[in-house]
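K.L.:
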Amino acid sequence: MAVGASVVALTGAVWGATLLTGSGGGGGAHRGAAGNQGSVREGSQSPEVTVPQTIAHAAESGGQAVNITIDDGPDPKWTPRVLRVLRENQVRAVFCMIGPQAAQYPDLVKQVVAEGHRLCDHTMTHNTAMDKKPVAFQQQEILAAKKMIEDAAGGAKVEYYRAPGGAFTPDSRRIAAAAGMRPLGWNVDTKDFEKPGTAVIVNNVHRELTNGPTILFHDGGGDRHQTVAAMEQILPWLKEHGHPTSFPVRTQP
């Protein structure tokens, strides 16, 4: 959920072949998506690396590791606060950025990279009807955002692609993988975008962690003080309960 540039945002929940439905903060549907098997050799990155088109959820470290993902920024107020919490807990995350937001706040993108986090393409306009759009529209949304984010980052590569609202298509996954970006889903929807209260966000993580390792938070889309407060509780709790943090897989099936 981006701020400014008239970007409208919404999130959903996606995991493997499981279809999860519900209402997102803004009225859109939460979609599940299963990727086709297969892989595409990268276009803009090292040609030796092959990125599968399937939607990733697993953690690179395996075991009980979890992946922290942060959507819809960067935001000049909330991204620095999220970064502070991550830094204090020695956690690395994936930041799924809106192209125009990244272009507007390049210093924040560079800070994200400098602190060891990874970048993810979350399109130009966060259109949650991407799965109903022509292939040319999907390609423009994905590749233009990738360029904006990488330009803002000073050349650091965007390693993942997350479809707005989970609206993946075979074409969008192919486009992303061909550009070196692994499609990225999530398993734990904290519902923080709905601002349900810090305790609810924390409880959502506790309750849904059995769904899988990738957890969805937001640093964009408005007041995120509940998200920051919840992360201050959740990140230590994860460590105390044997859940180290990792990054989502990129090259593994």
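For the sequence shown, our numbering assigns the number 2 to the initial residue and increments by one for each residue that follows. For glycine and all other residues, C-beta sits at the position ideal for the given N, C-alpha and C. Everything numeric in this text was worked out from a predicted model, so none of it was measured.
So is residue 221 buried or exposed if we call it buried at 16+ other beta carbons inside 10 Å?
P.N.:
Residue 221 comes out buried.
K.L.:
For the structure I just gave you, are there three or more beta carbon pairs, one from the segment 157 to 166 and one from the segment 192 to 207, closer than 8 Å?
P.N.:
Result no; under three Cβ-Cβ pairs closer than 8 Å.
K.L.:
Tell me which same chain residues have a C-beta within less than 7 Å of the C-beta of residue 116, skipping the five on either side of it?
P.N.:
Contacts found: 84, 88.
K.L.:
Could you check what DSSP says for residue 14 in three-state terms: helix, strand or coil?
P.N.:
Caution applies to residue 14, whose pLDDT of 32 falls short of 50 and renders its modelled position unreliable; the model cannot decide the point.
K.L.:
With a threshold of 7 Å on Cβ separation, who are the neighbours of residue 241 within its own chain once the five nearest residues in sequence on each side are excluded?
P.N.:
No residues qualify anywhere along the chain.
K.L.:
The alpha helix (DSSP H) with residue 152 in it runs from where to where?
P.N.:
First-last of the alpha helix (DSSP H) with residue 152: 136 to 154.
K.L.:
Where does residue 25 sit, in a helix, a strand or coil, going by DSSP?
P.N.:
Legend: pLDDT at residue 25 = 29, less than 50; position of this residue unreliable, no value from coordinates given.
K.L.:
I'd like to check one pair, residue 72 with residue 169: are the Cβ atoms closer than 9 Å?
P.N.:
No, the pair does not count as a contact, with Cβ atoms beyond the cut-off.
K.L.:
State the start and end residues of the unbroken beta strand (DSSP E) segment that holds residue 95.
P.N.:
Note, residue 95: beta strand (DSSP E), 94 to 98.
K.L.:
Enumerate in chain order the residues of its own chain whose CB-to-CB distance from residue 79 is below 6 Å, with the five nearest sequence positions on each side excluded.
P.N.:
Counting only Cβ-Cβ distances below 6 Å, and skipping sequence neighbours, we find 220, 225.
K.L.:
Specify the secondary structure class of residue 219 as computed by DSSP and reduced to three states.
P.N.:
It is a strand residue.
K.L.:
With 16 other CB atoms within 10 Å as the buried threshold, where does residue 133 fall?
P.N.:
So residue 133 ends up on the exposed side.
K.L.:
Would you mind listing the beta strand (DSSP E) stretches within the segment 74 to 134 that are 3+ residues and don't spill past its ends, in chain order?
P.N.:
If we require 3 residues or more, the beta strand (DSSP E) runs fully inside the segment 74 to 134 come out as 94 to 98, 119 to 122.
K.L.:
Note the first and the last residue of the continuous beta strand (DSSP E) segment covering residue 1.
P.N.:
Outside the shown range of the chain (2 to 254) lies residue 1, about which nothing can therefore be said.
K.L.:
Suppose you measure from the CA of residue 122 to the CA of residue 215; what does that come to, to the nearest Å?
P.N.:
Taking the straight line from one Cα to the other gives about 16 Å.
K.L.:
Using only alpha-carbon positions, find the residue among 189, 171, 66, 154 that is nearest to residue 107.
P.N.:
Checking every option, the nearest Cα to that of residue 107 belongs to 154.
K.L.:
Under the three-state reduction of DSSP, which class applies to residue 246: helix, strand or coil?
P.N.:
Correct three-state label for residue 246: strand.
K.L.:
Label residue 253 either buried or exposed according to how many other C-beta atoms from any shown protein chain fall within 10 Å of its C-beta, with 16 as the threshold for buried.
P.N.:
Burial call: exposed.
K.L.:
Using the three-state DSSP reduction, which class does residue 60 fall into: helix, strand or coil?
P.N.:
Strand.
K.L.:
Any idea if residue 248 is buried or exposed, counting beta-carbon neighbours within 10 angstroms, 16 or more meaning buried?
P.N.:
Residue 248 comes out buried.
K.L.:
Just the Cα atoms here: how many angstroms apart are residue 191 and residue 135?
P.N.:
One C-alpha to the other measures close to 31 Å.
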